[in-house]
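Line by line, the protein sequences are chains X and B.
Quick note: full-length UniProt numbering has the first sequence finishing at residue 669, numbered continuously throughout.
Quick note: full-length UniProt numbering has the second sequence finishing at residue 669, numbered continuously throughout.
Every residue, glycine too, gets a C-beta built ideally from N, C-alpha and C.
Everything on this sheet refers to the single structure shown next.
There are 2 protein chains.
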Amino acid sequence: MDIKHSTSEFQISHQGRTIIAHSHNRPAFYLGRGDATFNMYRGNFDIADYLTERLALRQFSIQENSDNTRIDLSIEGTTQLSLIVTSTAQGRLKIAFEAASDDYNRIWLRVDAKPSDNIYGCGAQLSHFNLRGKDFPLWTSEPGVGRNKETYTTWQADVNDKAGGDYYTTNYPQPTFISSQKYFCHLQTTAWANFDFRHDQFHELQCWEIPEYLLFGMEDNYIDLMENFSDFFGRQPELPEWVYNGIILGIQGGTDFTVERVEQARKAGIKVSAAWCQDWQGIKFTSFGKRLQWNWQWNPEVYPDLDKRIHELKEDGIRFLGYINPYVLQDYPLYNEAKELGLLAKKIDGSDYVVDFGEFDCGVVDFTNPEGERWYKEVIKREMIDFGLDGWMADFGEYLPTDCVLHNGKSAELEHNDWPRRWAKINHEAIAESGKTDDILFFMRAGYTGIQGYCHTLWAGDQSVDWSMDDGLASVIPGALSTAMTGNGIHHSDIGGYTTLHGNKRDQELLLRWTEMAAFTPIMRSHEGNRPNDNHQYFDDPASMAHLASMTRVYTHLKPYLKQIVAQNAGKGTPVQRPLFMHYEQDETCYDIQYQYLLGPDILVAPVHQAKQSEWELYLPKDEWVHAWTGEVFLGGWITIAAPIGKPPVFYRKASKHSALFDGLVAQL
Amino acid sequence: MDIKHSTSEFQISHQGRTIIAHSHNRPAFYLGRGDATFNMYRGNFDIADYLTERLALRQFSIQENSDNTRIDLSIEGTTQLSLIVTSTAQGRLKIAFEAASDDYNRIWLRVDAKPSDNIYGCGAQLSHFNLRGKDFPLWTSEPGVGRNKETYTTWQADVNDKAGGDYYTTNYPQPTFISSQKYFCHLQTTAWANFDFRHDQFHELQCWEIPEYLLFGMEDNYIDLMENFSDFFGRQPELPEWVYNGIILGIQGGTDFTVERVEQARKAGIKVSAAWCQDWQGIKFTSFGKRLQWNWQWNPEVYPDLDKRIHELKEDGIRFLGYINPYVLQDYPLYNEAKELGLLAKKIDGSDYVVDFGEFDCGVVDFTNPEGERWYKEVIKREMIDFGLDGWMADFGEYLPTDCVLHNGKSAELEHNDWPRRWAKINHEAIAESGKTDDILFFMRAGYTGIQGYCHTLWAGDQSVDWSMDDGLASVIPGALSTAMTGNGIHHSDIGGYTTLHGNKRDQELLLRWTEMAAFTPIMRSHEGNRPNDNHQYFDDPASMAHLASMTRVYTHLKPYLKQIVAQNAGKGTPVQRPLFMHYEQDETCYDIQYQYLLGPDILVAPVHQAKQSEWELYLPKDEWVHAWTGEVFLGGWITIAAPIGKPPVFYRKASKHSALFDGLVAQL
């Protein structure tokens with residue numbers, strides 16, 4: 001690191017990049033006081049801050065010590081904030097913060113920027129991949145239905161349920177970004193934060209506490225950068241071998257029904273790896289649609305004999321997956337058990353805090369209590385793993401109310417964002433303690449800093465069953481790429497989407513296009529949606545069945561390649577789905593492409609995300625690309641290609657060592 | 001005044017009210033720096049502030065001088081802002097501001113408050129009369145179509161035209177409020193401001209410059225308070241005598257057509273005072289609907305022989321009114337004349353600034369240039385008064401772009417809010433210089449501080465032709481009351497509303513209910529709406545004609561009473577339409593009633609503002625009230641009364657000295 005300074009300014013540089021540029025006239029550090037209100041309605045937040053002070057820390061003094069540099073920032077001679085700048089492992093640069101008092105609860109930090117910088121990451125960002133030009137509040141919440149104030153779906157969701165969301169609402173925010181200067185920047189905090197990339201000369205990072213530190217890691221290329229990144233945040237394990245054997249079929253309705261659906265699918269030539277039955281623990285119908293019982297125990301009324309048949313299925317090559325989330329339904333056995341053990345989060349008056357999830361209330365198990373964490377792991381082991389489940393959706397994690405009282409005494413406002421990580425850790429450890437890390441799959445939509453080392457895979461959350469850019473099929477792609485650039489290299493989505501509201505119904509075309517995309521991701525998994533009868537399902541007609549059969553053949557054909565790139569993700573943090581610029585960093589066009597991706601180094605996918613398309617325009621970086629279905633070779637640039645349903649725009653590198661495998665793709669159709 | 005202080009706090013009190021309470025821990029003054037962006041689209045503004053500093057001025061020193069008290073507010077020993085506190089005329093208290101430097105362009109002032117205080121005024125507020133519990137940005141703009149983000153009309157207006165507005169958007173903001181502690185508080189500034197009444201202990205007044213001063217006037221009752229208020233801001237003149245003779249009929253379509261409509265109306269028993277022909281200067285059709293030519297000269301193609309017939313009409317007891325606004329249509333004669341004289345506002349590059357008004361562009365005559373002001377007065381005198389017009393709508397005034405360059409060298413951001421006052425002044429002076437103040441009527445929707453002394457009457461702006469609370473018939477009532485509490489006692493509205501967009505069409509019922517309300521306001525004036533053919537018109541069927549005839553008889557019957565209360569407004573600033581609490585200040589219920597009003601001291605009106613009502617619930621303060629149509633006497637409280645169309649809920653005080661006149665109302669039906 002390199003700190004240059006005069007009496008009126010200093011710059012902190014590292015490995016050739018200026019990261020902080022401070023002067024009396026253009027200060028880089030501000031402290032303030034604010035009084036926030038958080039109104040949560042079923043996981044949607046209305047957040048406002050009444051900011052009464054924001055003070056520029058203009059003056060400074062610098063002291064060089066043997067193992068760090070200390071910069072004291074002051075107002076009118078009184079030190080308010082100290083920066084302790086150190087080099088850490090792998091050549092990272094750390095700037096730790098020490099506040100002189102607890103007078104301030106707001107901070108703004110300016111990271112130096114060039115107008116040409118592109119920015120990625122910040123968790124799962126569904127509307128924008130390149131974040132430059134916008135600001136991103138970082139707070140885990142429902143992602144919203146519609147997520148664009150200009151769409152009628154969003155307006156209806158807002159007016160009816162306060163649930164419309166916006167371009168930045170996400171289950172998984174993270175105060176970490178990657179700059180095209182090839183560094184990552186991480187702010188260590190769990191407070192509400194806002195990363196503002198609208199300014200030419202700096203990025204302004206705001207958060208509502210004095211954070212622990214700011215961390216920078218820098219490398220010369222993106223592959224090394226992701227290795228550095230994932231060394232710090234942790235890496236996803238490899239996927240269980242069985243995952244690659246076919247689609248995980250989202251089925252609900254009981255044991256016999258499940259077995260019938262699997263048999264029906266297999267007869268149609270669909271390769272099936274697992275049946276995923278959310279309702280293994282019961283069903284609840286609400287005005288929203290078909291929901292679940294939220295008591296994480298086998299429900300023998302809905303799934304009779306499952307305790308035996310689950311093992312028969314496994315012997316027959318079909319895994320059985322379930323569902324859990326971190327809340328327990330009021331007055332049901334697990335709630336009562338947790339309540340008796342004193343493990344539920346409390347209200348200020350000492351009573352148990354129950355949260356409205358939409359026509360039913362649940363307790364929040366307090367994961368800041370080691371006993372709460374231990375007990376939930378026991379529930380997972382006892383009720384799920386020992387029962388024979390080979391995986392589950394570990395849903396939710398975003399609903400911690402900011403006004404509940406927690407065992408560790410910390411403000412729930414500061415615990416809120418950390419809850420998804422705690423939730424992932426519990427799932428991870430329950431599996432690991434059972435020695436099943438290589439055989440059980442769990443998947444989450446919520447996330448925060450640190451989830452990388454715990455969760456096998458994220459899924460893209462609850463897309464609407466439509467073609468909308470911010471909440472439909474298209475939104476999955478920036479979602480996959482931004483989570484990838486936040487160190488989560490294995491991503492997938494509900495095939496066909498989930499949210500079936502406000503007149504949106506899934507039609508055949510949407511289901512087929514979504515299936516095509518999923519065949520070129522590490523995991524294929526289908527979902528009926530919240531109103532199954534309103535949605536086209538894969539079994540609704542022979543054409544859809546045949547299409548799914550074809551796409552599962554394509555997917556399983558890629559197994560050797562997928563296993564290799566998944567191993568790369570587990571070993572070095574190179575994501576499975578990658579932005580084009582990761583391998584073509586000289587090509588400026590690649591930096592703004594958010595609806596295409598590389599699957600590993602050698603396959604380029606440009607999913608058709610609009611209705612009624614027979615051809616598709618896409619960009620190929622300069623290389624020799626073979627069109628998967630015709631063998632035609634392209635050398636790069638914008639092209640338009642025939643893209644009938646069943647033949648999604650997919651290309652592979654002619655020079656790939658897997659080209660023989662890829663040559664075989666067309667035979668799978 | 002009374003200033004109490006210790007080393008750590010001071011309070012400024014006046015006539016028994018604490019108005020400023022400052023302490024080190026709870027400072028009342030803040031300075032800051034911000035960088036605002038104003039995006040204007042056809043008069044609708046998207047405004048954002050990037051606030052980089054907000055500093056509490058905690059420390060102070062007080063110096064008592066012979067004629068004032070000076071309070072120096074400082075940060076760490078450096079005085080930043082000085083308050084010069086003086087008593088002024090009529091026992092008002094003035095706090096003038098002196099900034100030590102031009103380092104700061106944002107200020108926040110906290111006026112002391114009690115939790116029980118109710119707040120009124122701030123110009124024309126169409127959604128809320130009692131402003132407590134909300135904040136109100138103060139910036140003159142289009143009011144918006146729908147004005148409520150939860151309505152479908154608003155959403156469509158936003159998405160299609162950025163024009164939906166919100167609860168605070170208004171043509172006429174003013175940084176002046178009245179507290180139920182019976183004082184007015186005025187901030188002398190033309191900058192963007194926000195008055196925040198959400199806090200229990202204080203009102204926080206923000207503005208984007210260092211304002212000149214804060215002014216308080218206090219009295220023991222609301223009648224005296226309005227006299228004090230209007231002594232300071234000016235008072236509306238009395239209305240021309242002819243106004244009371246009947247309705248001002250909004251007609252478009254040419255000389256013969258106008259005369260025919262007037263004759264038709266008279267035959268139907270409708271009392272007509274004037275024909276108001278917006279299109280006297282020409283017509284333009286746009287996708288919005290029927291619009292005007294915007295070249296303020298008689299258009300003999302549309303109105304042949306009007307130069308003669310206008311005088312015949314006047315002899316026949318019918319006045320002829322026209323239309324003007326402060327912009328001139330590009331490439332038309334007045335634009336060319338203004339351009340040649342160098343009177344148009346400029347762009348930064350020196351070229352003329354033309355503003356998009358919706359499919360046509362206009363020049364902005366620079367009223368900061370005395371020559372521009374003089375020339376526009378000449379246009380009014382030459383083209384309108386000398387031609388024989390007896391009045392006009394003086395439309396617009398809200399569209400001054402913040403990035404234009406003005407003759408007086410002042411920032412257009414600071415001139416923007418003042419433009420309506422300048423526009424009113426030009427109209428007022430052109431009329432006064434012609435010696436016609438008592439005979440010509442002009443009416444405006446835009447306003448700002450100081451308009452009170454210039455404009456005869458405001459109208460409520462462009463309501464939608466619907467029943468919506470924030471933009472339909474209902475919104476006129478808080479609009480009338482809030483402008484009244486801002487010193488504009490004469491208010492009226494387009495009978496039937498104006499904005500006919502997004503599927504809204506005026507039906508008969510709405511027109512009839514609106515007519516009923518207008519009969520109990522100082523001026524009756526109809527409007528065809530922007531899409532006349534989509535709207536029910538008074539001449540569309542005999543029932544509507546008969547209803548209007550009846551309501552014009554009611555209105556003209558009230559002439560002696562109306563003249564008297566209008567004279568009270570001109571003489572003492574007592575508004576014509578008054579909130580109930582003005583005369584019943586002990587009755588707490590009255591303070592939150594925003595859809596009823598008193599017409600003068602003796603008539604109470606509770607307009608039916610919902611569709612399909614046969615009866616109506618309303619509140620009567622404790623008094624003896626005679627129902628106008630049945631003679632039934634009520635003694636106060638919530639009542640429900642029959643309210644068929646044609647018999648709006650109207651009551652008069654039994655003890656009124658005009659009771660004999662009011663007894664005659666029913667005979668007019």
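Checklist entry - Ordered along the chain, which non-local residues of its own chain (more than five positions away) have a Cβ less than 7 Å from that of X/Asp356? => result Arg42
Next on the checklist: With three or more beta-carbon pairs closer than 8 Å as the criterion, would you say the segment 451 to 470 of chain B touches the segment 345 to 363 of chain B?
Outcome noted: The way I'd put it, the segment 451 to 470 of chain B doesn't touch the segment 345 to 363 of chain B; fewer than three beta-carbon pairs between them come closer than 8 Å.
Item to check | CB contact check: X/Ala113 to chain B, cutoff 8 Å | outcome: no
Item to check | Bridge partners - X/Trp392, DSSP secondary structure assignment | outcome: X/Gly322, X/Phe442
Checklist entry - Mapping DSSP to helix, strand and coil, what is X/Ile270? => result coil
Next on the checklist: Let me check understanding here. Comparing Cα to Cα, which of B/Thr18, B/Ala394, B/Thr153, B/Asp49 lies closest to B/Lys114?
Outcome noted: B/Thr18
Checklist entry - In terms of residue numbering, what span does the beta strand (DSSP E) encompassing B/Thr176 cover? => result 173 to 179
Item to check | X/Leu55 at chain B interface by Cβ criterion, 8 Å | outcome: yes
Next on the checklist: Let me make sure I understand the geometry here. Which of X/Asp231, X/Ile270, X/Ala274 has the alpha-carbon closest to that of X/Ile251?
Outcome noted: X/Ala274
Next on the checklist: So that I know if they touch, is there some Cβ in chain B lying closer than 8 Å to that of X/Glu398?
Outcome noted: X/Glu398 is outside the set of residues whose beta carbon lies under 8 Å from a beta carbon in chain B.
Item to check | Selection from B/Ala345, B/Leu239, B/Thr556 that minimises the alpha carbon distance to B/Ile405 | outcome: The question names Ile, yet the displayed sequence has Val at residue 405 of chain B. Here the closest residue by C-alpha is B/Ala345.
Checklist entry - Which residues, in order along the segment 137 to 155 of chain B, keep a beta-carbon less than 7 Å from a beta-carbon of chain X? => result Glu150, Trp155
Checklist entry - Taking the Cβ atom as the reference point for each residue, do X/Thr556 and X/Gly246 lie within a distance shorter than 8 Å? => result yes
Next on the checklist: On a Cα-Cα basis, can you pick out the residue from X/Phe581, X/Ile75, X/Asp494 that is closest to X/Thr515?
Outcome noted: X/Asp494
Item to check | Those runs of the alpha helix (DSSP H) which lie wholly inside the segment 478 to 533 of chain X and span at least 4 residues | outcome: 508 to 518
Checklist entry - Between the segment 215 to 231 of chain B and the segment 410 to 422 of chain B, do at least 3 Cβ pairs fall closer than 8 Å? => result Contact fails between the segment 215 to 231 of chain B and the segment 410 to 422 of chain B, because fewer than three Cβ pairs, one in each stretch, are under 8 Å apart.
Item to check | N-terminal and C-terminal residue of the alpha helix (DSSP H) that B/Leu313 is part of | outcome: 306 to 315
Next on the checklist: Bridge partners for B/Phe111 per DSSP, in chain order?
Outcome noted: Strictly speaking, residue 111 of chain B in this sequence is Val, with Phe absent from that position. B/His203.
Checklist entry - Just how far apart, CA to CA, sit B/Ile310 and B/Gly269? => result 22 Å
Checklist entry - Alpha carbon to alpha carbon, what distance is there between X/Asn44 and B/Tyr152? => result 21 Å
Checklist entry - Listed in chain order, which residues of the segment 68 to 81 of chain B have Cβ atoms closer than 9 Å to some Cβ of chain X? => result Ile75, Glu76, Gly77, Thr78
Next on the checklist: Less than 6 Å between C-beta atoms, sequence neighbours within five positions excluded: which residues of the same chain meet that for B/Ile603?
Outcome noted: Tyr652
Item to check | N- and C-terminal bounds of the alpha helix (DSSP H) containing X/Ala474 | outcome: Per DSSP, X/Ala474 belongs to no alpha helix (DSSP H) and is neither H nor E.
Next on the checklist: In whole angstroms, give me the CA-to-CA distance for X/Gly217 and X/Glu227.
Outcome noted: As the crow flies, the alpha-carbon of X/Gly217 is around 10 Å from that of X/Glu227.
Checklist entry - In chain B, which residues lie with their C-beta within 7 Å of the C-beta of X/Thr37? => result Going along chain B, no residue has its Cβ under 7 Å from X/Thr37, so there is no contact; the nearest lies around 10 Å.
Checklist entry - Taking the alpha-carbon positions, what's the B/Gly479 to B/Thr486 distance? => result 11 Å
Checklist entry - What does DSSP give as the partner residues of X/Ile71 in its beta bridges? => result Partner(s): X/Ile62, X/Leu83.
Checklist entry - Leaving out the 5 sequence neighbours to the left and right, which residues in its chain are closer than 7 Å to B/Gly282 when beta-carbon positions are compared? => result Leu292, Gln293, Asn295, Asn299, Val302
Checklist entry - Does X/Thr52 come within less than 8 Å of chain B when only Cβ atoms are used? => result yes
Item to check | 8 Å contact criterion, which B/Ser13 and B/His24 should meet: CB distance rounded | outcome: About 19 Å separates the two Cβ atoms, so there is no contact after all.
Next on the checklist: For a test of the three-state rule: what should DSSP assign to B/Phe129, helix, strand or coil?
Outcome noted: coil
Next on the checklist: Helix, strand or coil for B/Ser550? Go by DSSP, reduced to three states.
Outcome noted: helix
Checklist entry - Apart from the five residues just before and just after X/Gly34, which ones in its own chain have a Cβ nearer than 6 Å to its Cβ? => result Asp49, Leu51, Arg106
Checklist entry - Which residues bound the alpha helix (DSSP H) around B/Asn417? => result Unbroken run through B/Asn417: none, as it is neither H nor E.
Next on the checklist: Against B/Val159, what residues of chain X qualify as contacts under a CB-to-CB distance less than 8 Å, listed in chain order?
Outcome noted: Glu150
Checklist entry - Alpha carbon to alpha carbon, what distance is there between X/Pro137 and X/Asp418? => result 15 Å
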